[in-house]
Amino acid sequence: MNLPVQPASLVTLRPRAGTQAYFRWRPVGDRVLVTNLEGNWLLLGQPEFAQFVEGHVPEDSELHARLKAGNFLRAHYDVRAAAERIRARKSFLAGGPLLHILVVTLRCNETCVYCHASRANMDQVHTDMTRETAERAIDLVFRSPNPFVTIEFQGGEPLVNFDVVKHAIEYAVDQNRAHGKRLQFTMVSNFALLDDDKLEYLMRHRVQLCTSIDGPEKLHNAQRKLPTQDAHQRAIRWIKRINEAYAANGLDPTLYHVEALLTTTRETLPLWKEVVDTYVGLGCKALFLRAIDPFGFADRTRRRLEYPRADYMQFYRRAVDYMIELNKQGVQILERYASIFLTKILRGEDPNFLDLRSPSGAGIGALAYNYDGKVFTCDEGRMLHEMGDDTFLLGDVHGSSFRDLVGHETVRAMTIASNLDGQPDCVHCTYQPYCGTIPSFNHKSQGSIFGRMRESNVCAVHKGIQDYLFEKLAEADPATLAIFDRWTTVRSRDHFVQPAP
Amino acid sequence: MTTVLEGAPAGLVAVDVQAAAVQFLVDEELYPLPAIYGAAYVFIDRCYVFLDRPEPARVRVVLTAKSGAAEPEALRALIGEFANELLSCAFRHQIAQDNRVLIETATMQALAGAMGQPSLDDLAKFDFSDQGFDDPLGIAMSWEEKHGRKAPKSESEGGP
Amino acid sequence: MTDRHELRFSRRLYHGEAVDQAVKAFARFASFDLEQTDDDWVVRFTPNDPALARRLRGELGNHALGLTVQRGGAK
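Residue numbers (UniProt numbering), protein chains in the order written: chain R, 1 to 501; chain F, 1 to 160; chain H, 1 to 75.
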């Protein structure tokens with residue numbers, strides 16, 4: 001077993017408390033990263049770190065000025081500034097559910113190697129959501145106090161039950177006349193059942209379209225199976241068509257294009273370059289290098305698809321190094337994990353990605369409505385229900401009020417469990433101000449919604465990615481820093497917001 | 001028949017391969033009871049869990065595989081996982097006490113924000129008969145009840 | 001020979017109502033006797049089907065523990 005070794009110069013330090021404000025630290029390359037309560041950070045050389053922890057930084061030194069500016073010194077601690085920074089980072093806290101996932105059917109025309117429990121065969125029509133259930137779900141959506149709401153159509157394959165998708169869109173637009181929310185629709189589809197009429201409808205109703213691309217054609221078709229063996233070809237044909245339609249409507253192609261999602265399996269790991277090239281070739285501006293999660297498939301399958309997280313991190317580093325090189329050559333492609341973390345690290349803001357915040361968004365930031373009207377804290381909770389585990393079931397659109405659902409004891413428990421201020425390891429982790437944990441993942445993989453972070457795959461990935469990003473920030477290559485800065489720039493995609501009623 | 005597991009603290013951990021069971025003797029001074037409950041509870045989907053107290057300040061935790069059979073390696077893994085979970089729960093118990101205000105504040109803001117203002121229907125449905133409400137600080141009492149002058153006993157007796 | 005079993009739930013660790021409720025939940029599967037000593041809630045049972053004794057013993061223990069945890073402990 002390899003245990004990480006602390007640099008010798010740090011082991012011999014004799015810390016002297018009194019001058020420092022609260023801080024956490026972690027060696028990053030040959031530097032030491034320090035972060036504080038409000039998420040300010042500094043990368044110090046080892047002699048600088050020694051001066052800091054031993055409490056003899058000269059007042060007239062450049063180091064003293066940096067520490068003071070970052071609010072790392074007790075004598076100069078600016079409580080008001082710290083409170084403002086924390087408030088900015090936690091601005092999502094009181095927002096209420098923003099994302100509402102409607103699983104309009106479990107039926108799916110594709111058979112994916114990593115998806116069993118959350119899909120049904122095409123003849124299982126009883127797994128279609130009815131119009132009435134969709135209406136009741138949307139009634140609940142508008143009870144959310146959040147002025148921004150996004151309704152995401154998922155499945156199964158949502159195009160299988162397109163009549164209900166259309167009905168839900170029209171009913172929601174109609175209901176919004178009374179509520180006046182900033183309403184958006186997204187649909188996650190494999191596009192294989194798309195046709196011109198459906199596309200025209202979706203474009204006219206400003207539905208943002210997302211799909212899954214597992215990388216190059218051979219890998220994609222091996223993992224996402226259609227009887228015709230052409231899942232990849234169909235997906236990319238429609239991605240191009242949709243992107244052309246956006247351009248024909250006069251929309252900026254750097255902002256308006258199909259978003260695609262990757263599921264990283266063991267087969268994906270050696271293909272990091274091919275995966276990036278595939279996404280760039282499709283005109284995608286973002287690639288989310290998501291590690292596989294334990295939901296929706298049998299343990300037997302997991303052993304075939306899973307991989308050690310160290311292997312994943314090698315894949316991640318290679319892929320993002322390559323993406324940075326492409327950006328230097330003028331190609332615009334960002335990695336979504338990096339973008340989320342960098343926004344928190346460099347801008348002190350939270351992009352409100354529900355699985356990467358403290359507390360997590362389960363129930364308080366999102367709700368998932370199953371085809372039969374059952375409501376869950378998150379889509380993972382819904383998938384576990386399909387596997388026979390009702391831990392994350394909150395109620396039913398037909399019988400539960402909005403306050404019953406979000407005030408449910410399960411939501412309370414998950415809010416507490418995913419608060420990193422109560423989590424061993426996280427509470428002392430240098431990356432705590434930027435991180436988050438996923439209670440449903442902890443429950444599935446470790447038997448409790450709290451989990452044990454030192455043994456958690458999610459934690460290993462989060463720490464690994466932040467190590468990588470801070471190594472790059474320590475290298476301080478101006479071109480890389482400029483790319484990172486661009487990756488944190490959030491440009492609003494107002495076209496997808498429904499016109500004001 | 002219980003045997004001592006190689007590498008495990010003597011007298012604290014024992015294994016019974018035939019019964020597919022492991023047992024731990026946990027020191028309550030090191031691991032508070034809520035942590036022992038928390039760790040034990042995590043295993044009730046896989047194991048039959050039984051607690052007893054063979055001596056003061058010691059809790060014995062017995063985990064028996066529900067399947068009725070387990071390889072020594074699986075039992076060793078069970079011991080390791082329980083020990084890790086126990087430490088995690090004990091630490092979390094302490095952190096929750098230390099950071100109680102921080103955690104409660106965030107939770108309250110998140111839930112109050114997510115639930116929004118109650119509608120008239122919500123208020124009409126509120127169950128005032130619920131006796132489970134604990135009010136140790138007397139927040140739900142009126143000012144008069146809490147601070148007002150106590151009525152003389154004689155006046156309240158025999159009233160209408 | 002009767003297939004009689006005994007479980008002793010420590011009163012410092014298990015809530016009395018939790019043990020009572022657990023026994024009620026499994027009443028269909030065995031005949032139960034309850035006794036209260038200074039230290040323990042004592043549950044003696046004879047399973048309707050002797051082959052289920054091990055499972056019954058285990059599930060009863062889990063049920064009593066689960067309800068005790070739900071109540072916040074033995075007190």
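Backbone N, C-alpha and C fix where the C-beta goes; we use that ideal spot for every residue, glycine too.
Checklist entry - Would you call the CB atoms of S358(R) and C435(R) closer than 8 Å? => result C435(R) sits close to S358(R), with the two beta carbons spaced by under 8 Å.
Next on the checklist: List, in chain order, every chain R residue whose beta-carbon is nearer than 7 Å to that of E85(F).
Outcome noted: Within 7 Å Cβ-Cβ: R452.
Item to check | Where Y77(R) sits in the DSSP three-state scheme | outcome: Coil at Y77(R), not helix or strand.
Next on the checklist: Taking 6 Å as the limit between beta carbons, can you name the residues of its chain near G361(R), skipping five residues before and five after?
Outcome noted: Closer than 6 Å at the Cβ level, and outside the excluded window around G361(R), lie L354.
Item to check | C-alpha distance - F288(R) paired with E335(R), whole-angstrom precision | outcome: So the two alpha carbons sit approximately 6 Å from each other.
Checklist entry - Going by C-alpha distance, which of K240(R), L342(R) and D174(R) is nearest L199(R)? => result With distances taken between Cα atoms, L199(R) lies closest to K240(R).
Next on the checklist: Considering only DSSP beta bridges, list what N36(R) is partnered with.
Outcome noted: Paired residue(s): F23(R).
Checklist entry - Would you call the stretch 211-229 of chain R and the stretch 104-118 of chain R touching, i.e. three or more CB-CB distances under 8 Å? => result Three or more Cβ pairs drawn from the stretch 211-229 of chain R and the stretch 104-118 of chain R lie within less than 8 Å of each other, which places the two stretches in contact.
Checklist entry - Are the C-beta of R92(F) and some C-beta of chain C separated by less than 8 Å? => result Annotation note: the requested chain C is absent from the structure, which comprises protein chains R, F and H.
Next on the checklist: Ignoring anything shorter than 4 residues, give me the alpha helix (DSSP H) runs that lie fully in the stretch 81-153 of chain R, in order along the chain.
Outcome noted: Runs found: 131-141.
Checklist entry - Straight-line CA distance for A114(F) to E81(F)? => result Each residue's Cα considered, the two are about 36 Å apart.
Next on the checklist: For a contact defined as C-beta to C-beta under 7 Å, what are the partners of residue 506(R) on chain F?
Outcome noted: Because chain R spans 1 through 501 in this model, residue 506(R) falls outside it and cannot be assessed.
Checklist entry - Does any residue of chain F bring its CB to less than 8 Å from the CB of E455(R)? => result At a cut-off of 8 Å between beta-carbon atoms, E455(R) makes contact with chain F.
Checklist entry - Which value, in whole angstroms, describes the spacing of the CA atoms of M453(R) and E35(H)? => result Each residue's Cα considered, the two are about 43 Å apart.
Item to check | Interface residues of the stretch 354-365 of chain R facing chain F [CB-CB below 9 Å] | outcome: From the stretch 354-365 of chain R, only S358, P359, G363, I364 and G365 have a Cβ closer than 9 Å to chain F.
Next on the checklist: Suppose the cutoff is 7 Å on Cβ atoms and the five residues either side in sequence are ignored; what does the same chain contact list for R317(R) look like?
Outcome noted: Around R317(R): Y468.
Checklist entry - Leaving out the 5 sequence neighbours to the left and right, which residues in its chain are closer than 6 Å to M1(R) when beta-carbon positions are compared? => result Since pLDDT at M1(R) reaches only 46, below the 50 mark, its modelled position is unreliable, and no value is offered.
Next on the checklist: Would L51(F) and V59(F) qualify as a contact pair, given that the criterion is a beta-carbon distance under 8 Å?
Outcome noted: A contact, by the Cβ cut-off of 8 Å.
Item to check | Rounded C-alpha distance that separates R89(R) from L261(R) | outcome: Note on geometry: alpha-carbon atoms of R89(R) and L261(R) lie some 26 Å from one another.
Item to check | Beta-carbon separation (whole angstroms), V275(R) vs G215(R), contact threshold 8 Å | outcome: The distance from the Cβ of V275(R) to that of G215(R) is about 4 Å, consistent with a contact at the 8 Å cut-off.
Checklist entry - According to the neighbour-count rule (16 or more other Cβ atoms, all chains shown, within 10 Å of its Cβ), is D128(R) buried or exposed? => result Answer is buried; the Cβ neighbour count reaches 16.
Item to check | Residues near Q51(R) in its chain [Cβ-Cβ closer than 7 Å; skip 5 each side] | outcome: Spatial neighbours of Q51(R) in its own chain (CB-CB distance under 7 Å, excluding positions within 5 residues in sequence) are listed in chain order as V57 and L63.
Next on the checklist: I need the straight-line Cα distance from T68(H) to D404(R), nearest angstrom please.
Outcome noted: About 25 Å.
Item to check | Contact with chain F by N442(R), beta-carbon distance below 8 Å | outcome: So, not an interface residue.
Next on the checklist: For the pair the stretch 228-238 of chain R and the stretch 186-196 of chain R, tell me if three or more CB-CB distances fall below 8 Å.
Outcome noted: Taking 8 Å as the limit for Cβ pairs, the verdict is that the stretch 186-196 of chain R does touch the stretch 228-238 of chain R.
Checklist entry - Could one say the Cβ of L52(H) lies closer than 8 Å to chain F's Cβ atoms, at least one of them? => result It does not: the Cβ of L52(H) has no partner Cβ on chain F nearer than 8 Å.
Checklist entry - Taking only beta-carbon atoms, is A401(R) less than 8 Å away from chain F? => result Checking the sequence shown, residue 401(R) turns out to be Ser, not Ala. Judged by the 8 Å Cβ criterion, S401(R) is in contact with chain F.
Item to check | Bounding residues of the alpha helix (DSSP H) (the contiguous stretch that carries M383(R)) | outcome: Counting along the chain, the alpha helix (DSSP H) containing M383(R) begins and ends at D379 to E386.
Checklist entry - Are the beta-carbon atoms belonging to L98(R) and G365(R) less than 8 Å from one another? => result In contact: L98(R) and G365(R) (Cβ atoms closer than 8 Å).
Checklist entry - With burial defined as no fewer than 16 other Cβ atoms inside 10 Å of the residue's Cβ, what is the status of E155(F): buried or exposed? => result Interpretation of E155(F) is limited by its pLDDT of 43, a score under 50 that renders its predicted location unreliable; the figure taken from the coordinates is listed afterwards. With fewer than 16 other Cβ atoms within 10 Å, it is exposed.
Next on the checklist: For G395(R), report the span of its beta strand (DSSP E) as first-last.
Outcome noted: Start and end: L393 to D396.
Checklist entry - Taking Cβ positions, are Q498(R) and N221(R) nearer each other than 8 Å? => result The beta carbons of Q498(R) and N221(R) sit no closer together than 8 Å.
Item to check | Members of the stretch 51-71 of chain F near chain H, C-beta cut-off 8 Å | outcome: The stretch 51-71 of chain F vs chain H, Cβ under 8 Å: L51, D52, R53, V59, T64, K66 and G68.
Checklist entry - Beta-carbon of L33(F) versus every beta-carbon of chain H: anything under 8 Å? => result By this cut-off, L33(F) is an interface position.
Checklist entry - Can you name the start and end residues of the beta strand (DSSP E) that V207(R) belongs to? => result Where V207(R) is concerned, the enclosing beta strand (DSSP E) stretches over V207 to S212.
Checklist entry - According to the Cβ coordinates, are Y371(R) and V104(R) closer than 8 Å? => result It is a contact, given that the beta carbons lie within the stated cut-off.
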